[in-house]
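In our numbering, the protein residues as written are 245 to 725. The C-beta atom is built at its ideal place from N, Cα and C for all residues, glycine as well. A short worksheet on the structure shown next.
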Amino acid sequence: MAKTFREELVTLGKTLKGIVLVIVVFALFWGGTILFWRIRNTDPGVGEAVGWLLLAPLVVLVLLWAVARWRSNRRAAANDKADTPAESPERPDAEQTSLNLLAAALRLPAGETPEEALQGLMTPQAPKLHGTLRDAQGLPLFAAPLPLLTAASLDAVTSELNRLAGMTLPVEESARRSLALLLPVFDELLMELAAVLPEQEGPTDERVIAGLRHRSSPMRPTPVLVSVTLPAASPSLVPLCEKMMRGRIEDLGLAVGLNWRFQFEDTRTGTAFWRRLARPDREEQWQLWLAADSLIDPARMQTLQKRGALMTSRTPEGVIPGEGVAGVLLGTGQTGTARMSCRGPYEVTCQGAESAQTRARKLAEALRPEQAADHPRPGLLISNADYRAGSFEEAALLALSLNPELDASRQLLALGRTGALEGATPAVMLALVWQALREGHESVAVLFVDEERGRQVAVFSAARAQQNQTKPSLTAAAEPE
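In structure tokens:
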């Protein structure tokens, strides 16, 4: 009803503007013409008076209307051209990607494994108040912390950082919590990597066979890329985090025969992750993508509250601070048969004044379902929708446009409603997609909304060799049939 009243006000304003324009044009013509006649001492006839006092103003008004209509049509055509998905810079290079995703692990408030989290997100819980965090007025805040992050686990991470640095370091709460989440998931994926690594023969000494001397050369180390996304913090934490992770690699005996390369990012947007997903680096045979983030930090929550974006009793459509971590193991070579295909991700730019229906239409057009008739309709849509106005509505409209039979109450997973994850969101989405495809879904759609940079949309489909694979074991996806 508020929207209708607003539209009526806009229509009334346009009408009044048109009436004022008519009055001004006629007043100028009449005043100028009568003044001209008096100065020239002219006595006009009936035809001349009608022509200058009636027809001339009408002609000018018609010309002004035609020019305004032409400019309006031109702007509309320019907007339509800009909104065309083919104009998106990411589309030509992100048509179809084949991913050899072997394992995934995560920790979320909705569950501590991909299977638990997927089931938990299908039955979301109501927002809960944090036990100790308070706003500026001393009132409790809504938050979604992970129960497994105890004071002992956080102190252990701080002690390890101080030991490696040789001094006491000031560590932000969000960085400390993110590291405490990241390391167990990293350990889990290292175990999965150790399970799928082929046996390697080490170097041998010189041997004499049939009078001839033979010398075996060592094998070239297999390259492994570890890409880590953490919240923006002090740069001094990056080398310390790498030392902690390399220590775990050595403890598991994975340092021999593997050439480890680390890549750290502190971006809080998903742009880098989606770009890597669209064009994965094929140089490393094995890749581990990890991302952790935590908004359970008084400083970050205070920033959200100053922006008016934090959920409180006064702003129920705000953001719920959450935390989480996710990681995936990829084999970019001929390793295993567990593959998935991805259409996208496509970047779609939407204006803030656009309605949820308009944004959903743009997102659906970006996926071009008319050119993918042979692909199954998505049985799930995973988004970072939350309680903000229009967020869930946009995701629901997109889901129904891709699959009218989809049940939005269970098959539309809104990560933001169980706690905002910021930089960890894209990795969490990919881990949930991996689990959903293993459980029998033939196709899963993803919608990632970044308020500043736009939206990313993609559809993942299971390969034929993976569709019938529903065992809960993480390493099962890597075993050839």
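Counting the other CB atoms within 10 Å of its CB gives PHE280 a total below 16, which places it among the exposed residues.
For LEU657 and ALA553, the gap between their C-alpha atoms comes out near 21 Å. The C-beta of ASN344 has 16 or more other C-beta atoms within 10 Å across all chains shown, which makes the residue buried. Per DSSP, the continuous beta strand (DSSP E) segment holding ALA348 begins and ends at 345-351.
The DSSP-derived three-state label of GLN531 is strand. In the DSSP assignment, CYS586 falls within the unbroken beta strand (DSSP E) covering 584-592.
Shown here, ALA608 sits in a helix according to DSSP, grouped into three states. Per DSSP, the continuous beta strand (DSSP E) segment holding THR376 begins and ends at 373-378. Judged by DSSP secondary structure, GLY663 falls outside any beta strand (DSSP E); it is assigned neither H nor E. Less than 8 Å separates the beta-carbon of LEU607 from that of LEU642. For PHE386, the pairing in a beta bridge is given by DSSP as LEU373.
Fewer than three pairs of CB atoms, one per stretch, sit closer than 8 Å, so the stretch 689-705 makes no contact with the stretch 400-420. The DSSP-derived three-state label of ARG621 is coil. Collapsing the DSSP output to three states places ARG313 in a helix.
For ASP651, the three-state secondary structure derived from DSSP is coil. About 6 Å separates the CB atoms of LEU398 and ALA424; that is less than 8 Å, so the two are in contact. Assigned with DSSP and collapsed to three states, PRO391 falls in coil, not helix or strand. Shown here, LEU441 sits in coil according to DSSP, grouped into three states, outside any helix or strand.
If you look at TRP518, you'll find it in the alpha helix (DSSP H) that goes 515-522. Considering only LEU426, THR367, ARG492, MET366, the residue with the shortest C-alpha distance to LEU392 is LEU426. Here the stretch 564-574 does not lie against the stretch 585-592, with fewer than 3 beta-carbon pairs under 8 Å apart. If you draw a 10 Å sphere on the C-beta of LEU307, you find fewer than 16 other C-beta atoms in it, and that means exposed. Distance from VAL304 to VAL269 at the Cβ level is roughly 6 Å; contact confirmed, criterion being Cβ atoms closer than 8 Å. With a contact defined as Cβ atoms closer than 8 Å, ARG654 and MET366 qualify at about 5 Å. When rounded, the separation of the alpha-carbon atoms in HIS685 and MET411 is 50 Å. Assigned with DSSP and collapsed to three states, ASP399 falls in helix. Within a 10 Å sphere around the beta-carbon of GLN531 sit 16 or more other beta-carbons, which makes this residue buried. In the same chain as GLY355, and ignoring 5 residues on each side of it, the C-beta atoms closer than 6 Å to its own belong to ALA361, GLY364, in chain order.
Within the same chain, THR473, ALA516 come within 6 Å of GLU509 by CB-CB distance, once the 5 residues on both sides are set aside. In the DSSP assignment, ALA689 falls within the unbroken beta strand (DSSP E) covering 687-694. Around the CB of GLU436, 16 or more other CB atoms lie within 10 Å, so the residue is classed as buried. The alpha-carbon of LEU659 is positioned some 19 Å away from that of LEU385. Per DSSP, ARG558 is not a residue of any alpha helix (DSSP H), being assigned neither H nor E. Around the C-beta of TRP678, 16 or more other C-beta atoms lie within 10 Å, and the residue is accordingly described as buried. In the three-state reduction of the DSSP assignment, ASP537 falls in the strand class. Between GLY663 and PRO368, the beta carbon gap of about 10 Å keeps them out of contact (Cβ cut-off 8 Å).
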